[in-house]
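J.: A single structure is presented below for examination.
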Amino acid sequence: MKMDVNLGGTPIREEDIKEKKVLYTEWIPKARYAWDAGVAIGRFLEELKNGRIIGTECQRCRRIMVPPRLFCELCYTPVNRWTYLGDRGRVRTFCMSRVRWDASRVEEPFFPSVIELDGGKKGTALFHVIRGVDLEHMKVGLRVKAVWKAPEERIGAITDIEYFIPE
Amino acid sequence: MSLLERISKNTQVKAWEGEFPVRYLYTYGIAAERFFRNIMERGTIVATRCALCDAIYVPPSIFCERCFERLEEWIDVGSIGTLHSFTICHLNRDGSRRDAPCLIGVVKIEGTEGALVHYLGEVEVKDVKIGMPMEAVFKNVEERTGSILDILYFRPVR
Numbered sequence: 001m002k003m004d005v006n007l008g009g010t011p012i013r014e015e016d017i018k019e020k021k022v023l024y025t026e027w028i029p030k031a032r033y034a035w036d037a038g039v040a041i042g043r044f045l046e047e048l049k050n051g052r053i054i055g056t057e058c059q060r061c062r063r064i065m066v067p068p069r070l071f072c073e074l075c076y077t078p079v080n081r082w083t084y085l086g087d088r089g090r091v092r093t094f095c096m097s098r099v100r101w102d103a104s105r106v107e108e109p110f111f112p113s114v115i116e117l118d119g120g121k122k123g124t125a126l127f128h129v130i131r132g133v134d135l136e137h138m139k140v141g142l143r144v145k146a147v148w149k150a151p152e153e154r155i156g157a158i159t160d161i162e163y164f165i166p167e
Numbered sequence: 168m169s170l171l172e173r174i175s176k177n178t179q180v181k182a183w184e185g186e187f188p189v190r191y192l193y194t195y196g197i198a199a200e201r202f203f204r205n206i207m208e209r210g211t212i213v214a215t216r217c218a219l220c221d222a223i224y225v226p227p228s229i230f231c232e233r234c235f236e237r238l239e240e241w242i243d244v245g246s247i248g249t250l251h252s253f254t255i256c257h258l259n260r261d262g263s264r265r266d267a268p269c270l271i272g273v274v275k276i277e278g279t280e281g282a283l284v285h286y287l288g289e290v291e292v293k294d295v296k297i298g299m300p301m302e303a304v305f306k307n308v309e310e311r312t313g314s315i316l317d318i319l320y321f322r323p324v325r
């Protein structure tokens, strides 16, 4: 559909900026942050450094939460049972991405996915990236396993797991 | 497991630090483009005037804030004004302490209802007073880049 509405304004082209036909201000703000991980995520990150995935279990509804939380937002009760989960699981849902977080293109598409971990329950799932599989073989239910960074390279971050690959 | 135990085991990872990788390029638009070009090339402050409302806008706008009329009338308003307000700044933008405090003021430009926020110079903290007549001091023309910092500061009119 062709739009004939004149929205007004003054168009500006990238060349106008490159050729310095217009004045402009360029700036890179230094936007640093420190996000308080809290008790549950703090422990979760610490355990990733140890090569383990930890969650919490609600003693009321018995569901397991990963990353762990200190209360169950369904039962609205405090949660105090820690439980380790496997670093293998099955794909719950996925999408295929051809771009990085900054929208730059990648050579090989990858699959940001929700992965149900072994030792958990229905809905106990971690969000991570699956690589080493093509779209044809990617499917819900696919068994995958974590690929960890070397212990000395781990810093207590979700990226201590580099990605998941098919088992 | 009690809450205290959980906290005692959580000593190594407490906060997640990062930096938002953001950058921007801001083009000034029609009115500010002309405003900064005049500062850069002529060392003058220009304004737009609404004849209907008898209002003069500094920095200039291409629309009247009162009647929304398109403004086409451009005038030179000189570089003199009065100090409307000021503050004494002891910290840098990053929060570090300055060796010496600096003054930042709002200067109402003579004959207009507009004002510019800028550094105040050639005046001691103890001497600065609201209502003082001030004038803009420009950089040398070859050093100007089309920025508000083409004005070095406002100083008391001598």
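In order, the protein sequence lines correspond to chains A and B. Here the first sequence is numbered in my numbering, starting from 1 and rising by one per residue. Here the second sequence is numbered in my numbering, starting from 168 and rising by one per residue. The beta-carbon is built from N, C-alpha and C at its ideal position, and this holds for glycine as well.
Could you tell me whether the stretch 252-260 of chain B touches the stretch 219-227 of chain B, using the rule of 3 or more Cβ pairs below 8 Å?
T.: These segments do not touch.
J.: Using a Cβ-Cβ cut-off of 7 Å (strictly less than) and excluding sequence neighbours within five positions of TYR195/B, which residues of its own chain qualify?
T.: Here residue 195/B corresponds to residue number 28 of the second sequence, with the count starting at 1. Contacts found: PHE203.
J.: When the Cα atoms are used, what is the spatial distance from CYS269/B to PRO323/B?
T.: Along the second sequence, one-based indexing puts residue 269/B at 102. Along the second sequence, one-based indexing puts residue 323/B at 156. When rounded, the distance between both Cα atoms is 15 Å.
J.: Considering only their Cβ atoms, is the gap separating ALA282/B from VAL273/B smaller than 8 Å?
T.: Against the second sequence, residue 273/B aligns to sequence position 106. Against the second sequence, residue 282/B aligns to sequence position 115. Yes. Within cutoff.
J.: Please state if the CB of TRP241/B and the CB of VAL284/B are separated by a distance shorter than 8 Å.
T.: Position 117 of the second sequence, counted from the first residue, corresponds to residue 284/B. Position 74 of the second sequence, counted from the first residue, corresponds to residue 241/B. Their beta carbons are not under 8 Å apart, which means VAL284/B does not touch TRP241/B by this criterion.
J.: Quick check: what's the CA-CA separation for GLY55/A versus GLU108/A?
T.: To locate residue 55/A, count along the first sequence from 1; it is residue 55. To locate residue 108/A, count along the first sequence from 1; it is residue 108. Each residue's alpha carbon lies about 32 Å from the other.
J.: With a threshold of 16 other CB atoms inside 10 Å of the CB of VAL65/A, please say whether the residue is buried or exposed.
T.: Numbered from its first residue, the first sequence carries residue 65/A at position 65. Note on residue identity: the sequence assigns Met, not Val, to residue 65/A. Buried, by the Cβ-count rule.
J.: Which same chain residues, not among the five before or five after ARG92/A, have their C-beta less than 6 Å away from its C-beta?
T.: Taking the first residue of the first sequence as position 1, residue 92/A is located at position 92. Contacts found: VAL114, GLU116, ALA125.
J.: Which residues, in order along the stretch 179-195 of chain B, keep a beta-carbon less than 7 Å from a beta-carbon of chain A?
T.: Against chain A - using a Cβ distance shorter than 7 Å - the residues of the stretch 179-195 of chain B are GLN179, VAL180, LYS181, ALA182, TRP183, GLU184, GLY185, GLU186, PHE187, VAL189, ARG190, TYR191, LEU192, TYR193, THR194, TYR195.
J.: So, using beta-carbon positions, are THR25/A and ILE197/B closer together than 8 Å?
T.: Taking the first sequence and counting its residues from 1, the one referred to as residue 25/A is at position 25. Taking the second sequence and counting its residues from 1, the one referred to as residue 197/B is at position 30. Not a contact, by the Cβ cut-off of 8 Å.
J.: Run through chain B and tell me which residues come within less than 9 Å of ARG100/A, C-beta to C-beta.
T.: Here residue 100/A corresponds to residue number 100 of the first sequence, with the count starting at 1. Chain B residues near ARG100/A: none, gap ~12 Å exceeds 9 Å.
J.: Can a CB atom of chain B be found closer than 8 Å to the CB of GLU154/A?
T.: As a working mapping, residue 154/A is identified with position 154 in the first sequence. The question names Glu, but residue 154/A in the sequence shown is Arg. False, the Cβ-Cβ gap to chain B never drops below 8 Å.
J.: Indicate whether ASP160/A and LYS149/A have their beta-carbon atoms separated by less than 8 Å.
T.: Here the question's residue 160/A lines up with position 160 in the first sequence. Here the question's residue 149/A lines up with position 149 in the first sequence. In this structure, LYS149/A lies closer than 8 Å to ASP160/A by Cβ.
J.: Once the 5 residues before and after SER252/B are set aside, which same chain residues still bring their CB inside 8 Å of it?
T.: Looking up residue 252/B in the second sequence gives position 85. Same-chain partners within the cutoff: GLY272, VAL273, ILE297.
J.: For ALA37/A, count neighbouring C-beta atoms within 10 Å of its own C-beta (all shown protein chains included) and say buried if the count is 16 or more, exposed if not.
T.: Numbered from 1 along the first sequence, position 37 holds the residue referred to as residue 37/A. Buried, since its Cβ has 16 or more Cβ neighbours within 10 Å.
J.: Please report the distance separating the alpha-carbon of THR254/B from that of CYS72/A.
T.: Within the second sequence, the letter at position 87 stands for residue 254/B. Within the first sequence, the letter at position 72 stands for residue 72/A. Taking the straight line joining both Cα atoms gives about 50 Å.
J.: Mind checking which residues open and close the alpha helix (DSSP H) that includes VAL39/A?
T.: Working through the first sequence from its first residue, we reach residue 39/A at position 39. Its alpha helix (DSSP H) spans residues 38-49.
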